[in-house]
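Chemist:
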Amino acid sequence: MNEIAAQAPTEPLLMSQSRHAPSSLAVARLMLLRDLKLASRKASQLVQPLAFFAIVITLFPLAVTPELPKLRHIAPGVVWAAALLSSLLALEFLFRDDAQDGTLEQYALSGRSLTGLLVAKTAAHWLLTGLPLALMAPLAGAALGIPNAALPGVLASVTVGTVTLSLIGAVGAALTLGVRRAGALLSLLTLPLEIPVLIFGARAMKLAIAAQPYGAPLTLLAGLAVLGVTLAPLAVSAAVRINLE
Amino acid sequence: MAWTWFHRLASPPHIYRTAGRLTPWLAWPAALLIVAGLIGGLYLAPPDYQQGDGYRIMYVHAPSAWLSLMVYTIMAVAGGIGLIWRMKVAHAVAAASAPIGASFTLATLVTGSLWGKPMWGTYWAWDPRLTSELILFFMYLGYMGLRAAFEDVQRADRISAVLAVVGLVDVPIVHYSVVWWNSLHQGPSVMYLGKPTMPPSMLVPLLIMFLGFTLFFGAVLMMRLRGEVLLRERTATWVREAIRT
Numbered sequence: 001m002n003e004i005a006a007q008a009p010t011e012p013l014l015m016s017q018s019r020h021a022p023s024s025l026a027v028a029r030l031m032l033l034r035d036l037k038l039a040s041r042k043a044s045q046l047v048q049p050l051a052f053f054a055i056v057i058t059l060f061p062l063a064v065t066p067e068l069p070k071l072r073h074i075a076p077g078v079v080w081a082a083a084l085l086s087s088l089l090a091l092e093f094l095f096r097d098d099a100q101d102g103t104l105e106q107y108a109l110s111g112r113s114l115t116g117l118l119v120a121k122t123a124a125h126w127l128l129t130g131l132p133l134a135l136m137a138p139l140a141g142a143a144l145g146i147p148n149a150a151l152p153g154v155l156a157s158v159t160v161g162t163v164t165l166s167l168i169g170a171v172g173a174a175l176t177l178g179v180r181r182a183g184a185l186l187s188l189l190t191l192p193l194e195i196p197v198l199i200f201g202a203r204a205m206k207l208a209i210a211a212q213p214y215g216a217p218l219t220l221l222a223g224l225a226v227l228g229v230t231l232a233p234l235a236v237s238a239a240v241r242i243n244l245e
Numbered sequence: 246m247a248w249t250w251f252h253r254l255a256s257p258p259h260i261y262r263t264a265g266r267l268t269p270w271l272a273w274p275a276a277l278l279i280v281a282g283l284i285g286g287l288y289l290a291p292p293d294y295q296q297g298d299g300y301r302i303m304y305v306h307a308p309s310a311w312l313s314l315m316v317y318t319i320m321a322v323a324g325g326i327g328l329i330w331r332m333k334v335a336h337a338v339a340a341a342s343a344p345i346g347a348s349f350t351l352a353t354l355v356t357g358s359l360w361g362k363p364m365w366g367t368y369w370a371w372d373p374r375l376t377s378e379l380i381l382f383f384m385y386l387g388y389m390g391l392r393a394a395f396e397d398v399q400r401a402d403r404i405s406a407v408l409a410v411v412g413l414v415d416v417p418i419v420h421y422s423v424v425w426w427n428s429l430h431q432g433p434s435v436m437y438l439g440k441p442t443m444p445p446s447m448l449v450p451l452l453i454m455f456l457g458f459t460l461f462f463g464a465v466l467m468m469r470l471r472g473e474v475l476l477r478e479r480t481a482t483w484v485r486e487a488i489r490t
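Below, the structure is given as structure tokens:
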């Protein structure tokens, strides 16, 4: 099945009429690999949100002050606001191509659980946009004067937080699937819902910088991620179905 | 026979007539109660020993805040009913509610900041309740924006219903995360209006205002629902007849 994914990445995989239909988990795995493979061929799409993240971070020393102690004070807010905006930018790639060439419809018609397929797609999206962002956050944090000892905390808070950002973002992207030039609307829909992530994420980072235990806000972030994994896929698949009707 | 009233909910002309018939039964009690509540709150109730006459704005502020949340709930529940049972009237109720709820949210924000000027010395403080009310306002704007983005009314109904249900899950999380955020940042505790130790001369007008505002919402909802039904059924013959008379 991997070879099929390699040969015809834009073809729906699930049309394979094999007598032994693959299990749901295998299908989800194929979906994940397909999205990763497709993304690796369009690397510029992946770099753009990261570059955007870096530019937003760069704006603050220029606009506020280049003094590291002062920057350190606002660093958690800056990193998290930049992460929220960058994840918003990355949402454009989540469903757009599949919706345009009709692949999404084939998923809905495949007889497989659309929810499961979209979970796999969202997971791929997190691996492609959330995880790189999280890996880049310590770098941005160091540039903003966060001490080295606090960088694991920065990494942890952005890693856990971006899971929820990807899930809420997937809901927003699915809702605005049929809307042309949905950028501003998408931000109005998703940012209010993402405020708890911002609060707990920035809090965890702030505690890490102060060399205090940051387990409590991190646990709350993880709780939000679990809630998101549980409920968001239902809303995503409902919205996709309505938009395909 | 017992269920005829329920089946007739599916008939737009029936809804149009019923809403029209209900309007005065909601509007007149609402007007009387609001006038009575204002007299009770603004003239009869004694000034507060700490806030003087400044507290009297709560007779508008608190009922608006209550309705800003209740209308969102109604919107989400109506949307859910419309989504599950494909009930067109429920969607019309949700569509008619959104601008009313947004107006109450705006009224809460404006009266809250007017109260803040004499009490806090500033029109805007990042008080947890005001902040979560502001986020609620953004959520109303997002809901109305999403609705307006679709030309097909049925699709707009179903998509925005998904958003409202997602929002209903998220509103408590946003509210409590904002409360938690604020308790970490703000040193002196903020006085809040709704103290349970209110004497009856202050409390009774407030309760009257609550009831009056709720009935007022019902009356406005009925009027807007009539407009919504007419708009949706504008090609039907009964609408032409209803407008002619």
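Just so you know, the sequences run in chain order A and B. With my numbering applied, the first sequence covers 1 to 245. With my numbering applied, the second sequence covers 246 to 490. Ideal placement from N, C-alpha and C gives every residue a C-beta, glycine not left out. None of the values given here were measured: they were computed from a predicted structure.
Is the Cβ-Cβ distance between A:L94 and A:F52 less than 7 angstroms?
Modeler: Counted from its first residue, the first sequence places residue 94 of chain A at position 94. Counted from its first residue, the first sequence places residue 52 of chain A at position 52. No; because the gap between Cβ atoms is not below 7 angstroms, this pair is not in contact.
Chemist: May I ask whether a heavy atom of the ligand FAD can be found less than 6 angstroms away from the beta carbon of B:L283?
Modeler: The ligand FAD is not part of the structure shown, which contains no ligands of any sort.
Chemist: Give the range of the alpha helix (DSSP H) segment to which B:S256 is assigned.
Modeler: Here residue 256 of chain B refers to the residue found at position 11 of the second sequence. From DSSP, B:S256 is part of no alpha helix (DSSP H); its letter is neither H nor E.
Chemist: Could I get the ranges of all uninterrupted alpha helix (DSSP H) runs contained in the stretch 77-110 of chain A, with 4 residues as the minimum, in chain order?
Modeler: Entirely contained in the stretch 77-110 of chain A, the alpha helix (DSSP H) runs reaching 4 residues are, in chain order, 92-100, 103-109.
Chemist: Under 7 angstroms, Cβ to Cβ, is there at least one residue of chain B near A:L185?
Modeler: On the first sequence, residue 185 of chain A is found 185 positions in, with the first residue counted as 1. By this cut-off, A:L185 is an interface position.
Chemist: Under three-state DSSP, which class holds A:R41?
Modeler: The residue you call residue 41 of chain A lines up with position 41 of the first sequence. It is helical.
Chemist: Use the C-beta contact count for A:T58: other C-beta atoms within 10 angstroms, 16 or more gives buried, fewer gives exposed.
Modeler: In the first sequence, counting from the first residue as 1, residue 58 of chain A sits at position 58. Under this definition A:T58 is an exposed residue.
Chemist: What's the gap between the Cα of B:L287 and the Cα of A:S187?
Modeler: For the purposes of this step, residue 287 of chain B is taken as the residue at position 42 of the second sequence. For the purposes of this step, residue 187 of chain A is taken as the residue at position 187 of the first sequence. Their backbone Cα atoms lie some 42 angstroms apart in a straight line.
Chemist: Whole angstroms is fine: what's the gap from A:L131's alpha carbon to A:L114's?
Modeler: On the first sequence, position 131 is the one that residue 131 of chain A refers to. On the first sequence, position 114 is the one that residue 114 of chain A refers to. For A:L131 and A:L114, the distance between alpha carbons rounds to 24 angstroms.
Chemist: If you drop the 5 nearest sequence neighbours on each side, which residues of the same chain put their C-beta closer than 7 angstroms to that of A:L198?
Modeler: As a first step, residue 198 of chain A is located in the first sequence; it is residue number 198 there, counting from the start. Counting only Cβ-Cβ distances below 7 angstroms, and skipping sequence neighbours, we find W80, L84.
Chemist: In this structure, what does DSSP give as the bridge partners for B:D293?
Modeler: Here residue 293 of chain B refers to the residue found at position 48 of the second sequence. B:D293 pairs with B:G297.
Chemist: 7 angstroms is my cut-off, CB to CB: does B:V316 come that close to chain A?
Modeler: Looking up residue 316 of chain B in the second sequence gives position 71. Answer no: the Cβ-Cβ gap between B:V316 and chain A never drops below 7 angstroms.
Chemist: Taking 7 angstroms as the CB-CB cut-off, is A:L221 touching chain B?
Modeler: Start at 1 with the first residue of the first sequence, and residue 221 of chain A comes out as number 221. No - not a single Cβ of chain B is within 7 angstroms of the one on A:L221.
Chemist: State the start and end residues of the unbroken alpha helix (DSSP H) segment that holds A:P196.
Modeler: The count along the first sequence starts at 1 and reaches residue 196 of chain A at position 196. Start and end: 183-209.
Chemist: From B:F382 to A:T190, what does the alpha carbon distance come to, in whole angstroms?
Modeler: As a first step, residue 382 of chain B is located in the second sequence; it is residue number 137 there, counting from the start. As a first step, residue 190 of chain A is located in the first sequence; it is residue number 190 there, counting from the start. So the two alpha carbons sit approximately 14 angstroms from each other.
Chemist: B:R403 touches chain A at which residues, Cβ-Cβ below 7 angstroms?
Modeler: As a working note, residue 403 of chain B is residue 158 in the second sequence. Residues of chain A passing the Cβ test: I242.
Chemist: Cα-Cα, which of B:L413, B:G324, B:P444 is closest to B:R400?
Modeler: By 1-based counting over the second sequence, the position of residue 400 of chain B is 155. Answer by Cα proximity: B:G324.
Chemist: Within 10 Å of its beta-carbon, does A:K121 have 16 or more other beta-carbons around it, so buried, or fewer, so exposed?
Modeler: Along the first sequence, read from residue 1 onward, the residue named residue 121 of chain A stands at position 121. By the 10 Å Cβ count, A:K121 comes out buried.
Chemist: Run down chain B in chain order and give the residues with a C-beta less than 8 angstroms from the C-beta of A:I199.
Modeler: Mapped onto the first sequence, residue 199 of chain A falls at position 199. The answer, in chain order, is S422, V423, W425, W426.
Chemist: Quick one: which chain A residues come within Cβ less than 9 angstroms of B:I326?
Modeler: Numbered from its first residue, the second sequence carries residue 326 of chain B at position 81. Result: empty, since nearest Cβ-Cβ is about 15 angstroms, beyond 9 angstroms.
Chemist: Considering only the alpha carbon of each residue, which of A:L221, A:A99, A:P233 lies closest to B:V419?
Modeler: Here residue 419 of chain B refers to the residue found at position 174 of the second sequence. Out of A:L221, A:A99, A:P233, A:L221 has the C-alpha closest to the C-alpha of B:V419.
Chemist: Along chain B, in chain order, which residues have C-beta atoms closer than 8 angstroms to that of A:I247?
Modeler: Nothing can be reported for residue 247 of chain A, as the shown portion of chain A is limited to 1 through 245.
Chemist: Please state whether DSSP places A:F60 in a helix, a strand or coil.
Modeler: Here residue 60 of chain A refers to the residue found at position 60 when the first sequence is read from its first residue. In the structure shown, A:F60 sits in a helix (DSSP, three-state: H, G or I).
Chemist: Helix or strand or just coil, what does DSSP make of B:R331?
Modeler: By one-based count along the second sequence, residue 331 of chain B stands at place 86. B:R331: coil per DSSP, three-state reduction.
Chemist: Looking at the structure shown, is A:S23 part of a helix, part of a strand, or coil, going by DSSP?
Modeler: Working through the first sequence from its first residue, we reach residue 23 of chain A at position 23. Looking at A:S23 - three-state DSSP - the assignment turns out to be coil, as it is neither helix nor strand.
Chemist: Check the Cβ-Cβ distances between B:P344 and every residue of chain A, and say whether any is below 7 angstroms.
Modeler: In the second sequence, counting from the first residue as 1, residue 344 of chain B sits at position 99. For B:P344, the answer is no, since every Cβ of chain A falls outside 7 angstroms of its Cβ.
Chemist: For chain B, is any of its Cβ atoms less than 7 angstroms away from the one on A:V119?
Modeler: Looking up residue 119 of chain A in the first sequence gives position 119. With 7 angstroms as the cut-off, A:V119 does not count as an interface residue toward chain B.
Chemist: By a C-beta neighbour count over all protein chains shown, 10 Å radius and 16 as the cutoff for buried, is A:G169 buried or exposed?
Modeler: Residue numbering aside, residue 169 of chain A sits at position 169 when the first sequence is read from its first letter. Counting Cβ neighbours within 10 Å, A:G169 comes out buried, since at least 16 surround it.
Chemist: Indicate whether at least one CB of chain A lies closer than 7 angstroms to the CB of B:M332.
Modeler: The count along the second sequence starts at 1 and reaches residue 332 of chain B at position 87. No, because no Cβ of chain A sits closer than 7 angstroms to the Cβ of B:M332.
Chemist: Tell me where the alpha helix (DSSP H) around A:I242 begins and ends.
Modeler: Along the first sequence, read from residue 1 onward, the residue named residue 242 of chain A stands at position 242. From DSSP, the alpha helix (DSSP H) with A:I242 extends over 215-244.
Chemist: Could you compute how far the alpha carbon of A:T65 sits from the alpha carbon of B:P373?
Modeler: Translated into the one-based positions of the first sequence, residue 65 of chain A becomes position 65. Translated into the one-based positions of the second sequence, residue 373 of chain B becomes position 128. Taking the straight line joining both Cα atoms gives about 29 angstroms.
Chemist: Closest Cβ-Cβ distance between B:L351 and chain A: below 7 angstroms?
Modeler: Here the question's residue 351 of chain B lines up with position 106 in the second sequence. It does not; no Cβ of chain A falls within 7 angstroms.
Chemist: Beta carbons nearer than 7 angstroms to chain A: which residues of the stretch 368-393 of chain B have them?
Modeler: Here the close residues are I380, F383, M384, L386, G387, G390, L391.
Chemist: What does A:P213 reach in chain B if we use C-beta pairs closer than 8 angstroms?
Modeler: Counting from one through the first sequence, the residue named residue 213 of chain A turns up at place 213. Per Cβ cutoff of 8 angstroms: no residues; A:P213 is ~15 angstroms from chain B at best.
Chemist: I'd like the list of long-range same chain contacts for A:F60, defined as Cβ closer than 8 angstroms, with 5 residues on each side in sequence excluded.
Modeler: Here residue 60 of chain A refers to the residue found at position 60 of the first sequence. Closer than 8 angstroms at the Cβ level, and outside the excluded window around A:F60, lie L71, I74, V78, L144.
Chemist: Which stretch, first to last residue, makes up the alpha helix (DSSP H) that contains A:T115?
Modeler: As a working note, residue 115 of chain A is residue 115 in the first sequence. Taken as a continuous stretch (DSSP letters only), the alpha helix (DSSP H) holding A:T115 covers 114-125.
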